[in-house]
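Here the structure is laid out as structure tokens; the discussion comes afterwards.
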Ligand code: SAJ
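In the numbering used here, the protein residues as written are 1 to 424.
Rendered as structure tokens:
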């Protein structure tokens with residue numbers, strides 16, 4: 001079939017590439033013309049997609065909305081961020097995409113939304129916009145389905161071709177057509193849901209589940225820090241239970257554009273109906289406390305060496321929110337940096353995955369003259385940090401991802417004041 005994918009980021013581009021590889025005729029659309037030019041030159045910022053792969057694809061890249069009128073299926077994969085300085089969902093990218101696509105939808109076209117939204121967005125935002133921007137009758141001339149994206153950036157095992165999906169349809173026919181399409185490109189379960197709202201709710205629930213579980217171990221980490229119990233060892237112990245336990249790990253914070261964002265979609269939507277998601281709010285509050293807690297550990301460790309944060313030089317290692325990728329959205333490392341600066345520390349940052357000319361160009365340069373290291377991301381590239389600390393005589397390490405939990409004794413024998421999250 002002729003498929004148009006709207007929004008060619010880390011969700012849309014892999015989807016377009018997969019559908020192309022499976023024999024569909026693909027139109028790749030993005031509103032950023034310069035990005036379309038780069039894609040035509042087989043270049044992209046999306047991790048995991050090579051120039052060779054792009055050159056081998058038959059995707060037609062365009063920023064001309066008229067080209068969408070040829071598509072049998074149009075899939076919207078645009079971001080749904082939070083509105084700056086609030087925790088409210090910003091649906092403008094989705095609304096903009098629907099307004100742009102609606103007049104182009106040909107007779108019989110199916111529109112699928114993949115962006116993460118709160119339950120009710122299809123019914124209360126998308127459908128009214130369609131009615132406003134096309135004379136075609138939804139359910140008769142055009143159809144609507146919702147299939148939440150489930151990308152896990154940097155995951156070597158799970159990707160768009162093998163992750164199970166759930167689908168909701170405005171009508172039975174929309175549901176079936178969407179299931180047929182995803183079944184044609186994905187080798188995994190495609191589960192029909194009872195409505196658009198149910199499918200929207202699945203995504204927000206699965207990510208809120210993760211946020212709550214991370215908050216649980218983060219709270220335990222703060223408590224066990226005072227109790228002198230090693231939370232990582234306790235989680236390892238609990239994880240020997242073959243059922244009814246799912247290990248999550250404490251850390252200096254929860255970043256990314258999914259986990260810290262999606263719960264607010266549900267909190268905000270439900271509050272409109274008079275329901276207060278206290279548990280979701282508490283989980284968010286706990287996870288948002290972790291950067292400050294982690295900086296507190298650095299103050300404690302520096303004090304052991306007779307130093308204070310103000311006036312100390314801190315090498316902040318890792319800016320991205322997750323190991324071995326370069327995405328800094330909602331990254332706790334950025335909050336930690338701000339806190340360190342507020343305490344008048346001199347901060348030198350280094351992240352091999354983040355191109356930022358304000359930072360040190362390599363690990364050695366970052367450690368030179370540092371009084372302490374604050375590790376905020378467990379990049380594999382930091383594996384040799386203990387040796388580098390010795391080399392540069394840095395004797396304070398706060399390990400925000402418990403990356404060196406099995407080397408604490410060796411580090412302390414070498415005279416390093418070490419703090420992890422709930423392990424020391
Ligand atoms: N984190 C912890 N402790 C944990 C797990 C994660 O502190 O036990 C932190 C990470 O350091 C990171 C943040 O939480 O800062 C988010 O981590 P993540 O592994 O959930 O990474 P994401 O944001 O890439 O989450 C994606 C999500 N995928 C989609 O939303 C489509 C999420 O649903 C997946 O559960 C997650 O991948 C995954 O399973 O890895």
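Positions of the beta carbon are idealized from the N, C-alpha and C atoms, including for glycine.
Supposed close pair residue i, residue j - CB separation, criterion 8 Å
i, j, result
"residue 294", "residue 219", "The pair is not a contact, with the Cβ atoms about 14 Å apart (cut-off 8 Å)."
"residue 262", "residue 204", "5 Å"
"residue 318", "residue 377", "3 Å"
"residue 142", "residue 105", "5 Å"
"residue 326", "residue 348", "Incorrect: roughly 18 Å between the Cβ atoms, too far for contact."
"residue 138", "residue 268", "Not confirmed; about 26 Å, so no contact."
"residue 188", "residue 163", "6 Å"
"residue 102", "residue 133", "4 Å"
"residue 14", "residue 159", "7 Å"
"residue 373", "residue 389", "7 Å"
Rounded separation between residue i and residue j - CA only
i, j, result
"residue 175", "residue 190", "11 Å"
"residue 229", "residue 423", "7 Å"
"residue 274", "residue 112", "30 Å"
"residue 237", "residue 406", "15 Å"
"residue 245", "residue 136", "50 Å"
"residue 371", "residue 383", "20 Å"
"residue 193", "residue 266", "18 Å"
"residue 344", "residue 292", "15 Å"
"residue 365", "residue 391", "12 Å"
"residue 71", "residue 84", "34 Å"
"residue 315", "residue 271", "42 Å"
"residue 472", "residue 243", "Past the boundaries of the shown model lies residue 472; the chain is included only from 1 to 424, so the question cannot be answered."
"residue 31", "residue 6", "8 Å"
"residue 41", "residue 8", "14 Å"
"residue 73", "residue 144", "10 Å"
"residue 23", "residue 1", "8 Å"
"residue 346", "residue 308", "12 Å"
"residue 340", "residue 260", "22 Å"
"residue 235", "residue 277", "27 Å"
"residue 208", "residue 280", "7 Å"
"residue 248", "residue 217", "7 Å"
"residue 51", "residue 10", "15 Å"
"residue 124", "residue 26", "29 Å"
"residue 288", "residue 81", "17 Å"
"residue 290", "residue 323", "17 Å"
"residue 224", "residue 231", "6 Å"
"residue 154", "residue 321", "12 Å"
"residue 63", "residue 342", "43 Å"
Where the beta strand (DSSP E) through residue i begins and ends
i, result
"residue 329", "Careful: residue 329 lies outside any beta strand (DSSP E) and carries neither H nor E."
"residue 76", "73 to 76"
"residue 399", "396 to 399"
"residue 166", "165 to 169"
"residue 91", "Looking at the DSSP string, residue 91 is not in any beta strand (DSSP E), and its letter there is neither H nor E."
"residue 259", "Looking at the DSSP string, residue 259 is not in any beta strand (DSSP E), and its letter there is neither H nor E."
"residue 192", "190 to 192"
"residue 102", "Residue 102 -> no beta strand (DSSP E), and no H or E assigned at all."
"residue 183", "Per DSSP, residue 183 belongs to no beta strand (DSSP E); it is in the alpha helix (DSSP H), 172 to 185."
"residue 240", "From DSSP, residue 240 is part of no beta strand (DSSP E); its letter is neither H nor E."
"residue 127", "Per DSSP, residue 127 belongs to no beta strand (DSSP E); it is in the alpha helix (DSSP H), 127 to 133."
"residue 160", "It is not in any beta strand (DSSP E) - residue 160 carries neither H nor E in the DSSP assignment."
Opening and closing residue of the alpha helix (DSSP H) in which residue i lies
i, result
"residue 225", "196 to 227"
"residue 350", "Unbroken run through residue 350 is the beta strand (DSSP E), 346 to 350; no alpha helix (DSSP H)."
"residue 150", "Run containing residue 150: none; DSSP gives neither H nor E here."
"residue 12", "12 to 21"
"residue 110", "No alpha helix (DSSP H) contains residue 110, which is instead part of the beta strand (DSSP E) from 110 to 113."
"residue 294", "278 to 304"
"residue 263", "262 to 271"
"residue 365", "363 to 367"
"residue 33", "33 to 40"
Proximity of residue i and residue j at Cβ, strictly below 9 Å
i, j, result
"residue 146", "residue 109", "no"
"residue 48", "residue 36", "no"
"residue 215", "residue 284", "yes"
"residue 367", "residue 386", "no"
"residue 256", "residue 114", "no"
"residue 313", "residue 393", "no"
Residue i at chain B interface by Cβ criterion, 9 Å
i, result
"residue 59", "Among the chains in the structure shown there is no chain B, since it carries only a single protein chain."
Given 8 Å, three or more beta-carbon pairs between the stretch 11 to 22 and the stretch 181 to 193: The stretch 181 to 193 and the stretch 11 to 22 touch, with three or more beta-carbon pairs separated by less than 8 Å.
Cβ contact (3+ pairs, closer than 8 Å) linking the stretch 126 to 135 and the stretch 96 to 106: Yes, the stretch 126 to 135 is in contact with the stretch 96 to 106.
Given 8 Å, three or more beta-carbon pairs between the stretch 75 to 89 and the stretch 236 to 256: No contact exists between the stretch 75 to 89 and the stretch 236 to 256.
Validate contact between the stretch 391 to 401 and the stretch 413 to 423 using beta carbons, cut 8 Å, 3 pairs: Yes, since at least three Cβ pairs between the stretch 391 to 401 and the stretch 413 to 423 fall closer than 8 Å, the two stretches touch.
Inter-stretch contact (C-beta, 8 Å, three-pair minimum) for the stretch 294 to 314 and the stretch 143 to 160: As far as the Cβ criterion goes, the stretch 294 to 314 does not touch the stretch 143 to 160, which means the pair count is below three.
Inter-stretch contact (C-beta, 8 Å, three-pair minimum) for the stretch 331 to 343 and the stretch 378 to 387: No, they do not touch.
Segment contact, 8 Å Cβ cut-off, at least three pairs: the stretch 350 to 362 with the stretch 300 to 307: Between the stretch 350 to 362 and the stretch 300 to 307 there are fewer than three C-beta pairs closer than 8 Å, too few to call the two in contact.
Touching by the beta-carbon criterion (3+ pairs, under 8 Å), the stretch 87 to 96 and the stretch 48 to 60: Put simply, the stretch 87 to 96 does not touch the stretch 48 to 60. Fewer than three CB pairs are less than 8 Å apart.
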